[in-house]
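Here's the structure we're looking at; comments come further down.
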Amino acid sequence: MTINRLRNGSAAVVSVVLLMLGPQLLLPASAKAQVTPVPAASPTPVSTATETPEPPASKCIDHDQEKCIQVRIGVMAPRIVRDTFGKRIAQNFIAIQVTVGNHDREFQYLINDVSLFLKRGIFKPEPFFEDPHREGFYFSSAELSLLRGVAEKGQGQDTRNKTLRFFRGIGTIAAGMIGVASFGPSYSESVAVFNGPIISAFSEAFPDYTINQINRLNDSAYTANTLIPAKHSKVLVAFIPQEIFLNKQQMKIFWDDPTALYPNADGSCTAKFLPCVDFRQVDAVIDGDFITEISDMPPLVNSVQFSDSELQKFENEKPVVKGFVLGRFLTETLVDLENVPEGLSLTKDGEPTGDRINFIIKSTKPISPETKLNFVVLSNRGTSRISKELRYMPDAPTLTNIDPATGKQNTSVMVTLTGTNFIPGPGRTRVLISGTGVTVSEPVNVLGTSLKVTFTITETAVTGTRQVSVVNDNSQSTSKTFTITAKTTNP
């Protein structure tokens, strides 16, 4: 274990080696505890994951964890946690940034566990322990797989996303009222008129930041078996639930001003709600092993990613979309899809690296928003699965041609419409026609640039021109003319 203490501007590192014998443990180490002093003037600046950390005070030799592994910690302000990982994470967890530096020049460092040691002195007055000699307790950080559930629920409860769903609901209700009041086939048209401009403008003015917040959580939250290359450092974030240590009143205070919970300089506590709590005195505890290489580790998948521009390609007539899987131990793996939508296929794009698999998805027709893709990553070491819901706002549809462009009274006509951005799926793309006396079927054979509908023209439909347009999730196309002619009469 490597234990780090930072408090009141002074720093000291206590490194205790607990190396477990096993096939991955290649180096002998002493279990004797040693203290490596660090200058008290100021803590060492936190290194990024790609920088080489500064050498510790004692030179790293003989692959000794006591001298080669250095740990630094810092408490993250709740509002910074909110902006970085999302509001729901910030309101439920205390985030401790832990920077682990591997100064060894030859060997990687595999982190088996990140724990926080909460000493009784963090609380004023100190809590009662039945064992008077007990100094505190260890608390392991919440693991990424558990945090993702909290973050994904927060994504659904995000104010921006809730407002967007509210607008869509209001548009549907308002359109229904208009359709009933007018006793005409105006429902779909009313939805498009209400939702199209409002949703487009709102989405443009207020981007969805929750996707990037979940991506940052995937990159930063502690996951088991995190690997740090030689001469590199890794920034992790350990999360501990607030409810275990703070009551409801303290949680509100911590959100507004964490310093309001600190004890006074003399150690006394005058906070409104006892006890005082100072998480700056938390100790980070790292348990890990030096290794030369990792073998026989099953693949671990953290997320599936598409850039915004690639996501938009799913609405093309025959999409070809690039994406990638992020995780660990991904070398010599295969990636595929389970429960594959009709016409869709996936192939690898190049050889996987340890933390990334690039892939290409092809489809014979557009893939609608909110389609769920089920990914599986396989190797002879194991299998890992993850699902990805496609979230994108399709571009506005265009309508370039109607064939045939005429129909007689008291007949049904199958019409082919061509254009762009026709999205398959129930209710995703609709066809509208002006006036009364004509009903429109649900589109069939929706292929991105074409679709088919049936116009059922009544015997009493007024002859002349009608305006036909196409509506998708975003907005309505410009219209083209369809002409109704008089029915044929027998002599």
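Taking the numbering used here, I'd label the letters of the sequence shown as residues 3 to 493. Even glycine gets a Cβ: it sits at the ideal position worked out from N, Cα and C.
Nearest to residue i (by Cα), restricted to the options the options
i	options	result
V284	S117, N227 and R107	S117
M416	V433, T402, P426 and N423	V433
L248	F281, A223, E137 and N376	F281
S452	K367, A488, V337 and G325	K367
K410	T261, T485, L302 and S235	T485
V102	Y224, D405, T480 and I91	Y224
T462	A488, E372 and N447	A488
K164	T212, L112 and F125	T212
I388	S365, N341, M253 and G437	N341
T161	S365, P209 and K274	P209
I113	K364, R107, V100 and K121	V100
F292	V464, T261 and A232	A232
N104	G290, A144 and R150	G290
Q307	Q215, G427 and Q159	Q215
L149	E372, K89, T491 and L166	K89
T480	T491, T490 and R468	R468
R122	T465, Y140 and N447	Y140
V446	G466, T465 and T418	T418
Bridge partner(s) assigned by DSSP for residue i
i	result
K324	I362
E461	Answer is none; E461 lacks a bridge partner.
I124	None, per the DSSP bridge assignment.
E340	N376
P129	None, per the DSSP bridge assignment.
D291	L112
S414	T458
V473	R432 and Q478
K236	V102
N403	T420
Y140	F119
A273	A273 pairs with nothing; no bridge assigned.
G427	Looking at the DSSP assignment, G427 forms no beta bridge with any residue, so it has no partner.
T385	L380
Pair within 8 Å by beta-carbon distance, residue i and residue j
i	j	result
S309	N217	no
L276	Q110	no
F169	F204	yes
R383	D298	yes
S436	V455	no
I91	G156	yes
L146	N227	no
V73	I288	yes
K390	V322	no
N376	N423	no
A407	T483	yes
P300	F331	yes
Expected contact under 8 Å - CB spacing of residue i and residue j to nearest Å
i	j	result
I459	V440	5 Å
L449	E319	6 Å
D338	V378	5 Å
F87	A153	7 Å
L380	T335	6 Å
G421	T402	5 Å
I369	V470	With a Cβ gap of about 26 Å, I369 and V470 do not count as contacting.
I71	Q244	No, I71 and Q244 are not in contact; Cβ-Cβ is about 29 Å, not under 8 Å.
P129	C271	Actually they are not in contact, since the Cβ atoms of P129 and C271 sit about 13 Å apart, beyond 8 Å.
V472	T431	6 Å
A262	A273	7 Å
L302	S222	With 8 Å as the limit, L302 and S222 do not qualify as a contact, their Cβ atoms being about 16 Å apart.
* To do: Examine the Cβ distances between the region 104-120 and the region 237-245 and report whether three or more of them are shorter than 8 Å.
  => The region 104-120, when compared against the region 237-245, does touch it at the 8 Å Cβ threshold.
* Quick check: the region 359-379 against the region 320-331, are there 3 or more CB pairs under 8 Å? -> The answer is yes - the region 320-331 touches the region 359-379, with three or more Cβ pairs under 8 Å.
* Segment contact flag, the region 345-357 with the region 398-417, C-beta cutoff 8 Å, min 3 pairs -> The region 345-357, when compared against the region 398-417, does not touch it at the 8 Å Cβ threshold.
* Would you call the region 63-74 and the region 133-143 touching, i.e. three or more CB-CB distances under 8 Å? -> No: fewer than three Cβ pairs fall under 8 Å.
* Asked: Are there three or more Cβ pairs, one per stretch, closer than 8 Å when the region 76-83 is compared with the region 257-266?
  -> As far as the Cβ criterion goes, the region 76-83 touches the region 257-266, which means the pair count is three or higher.
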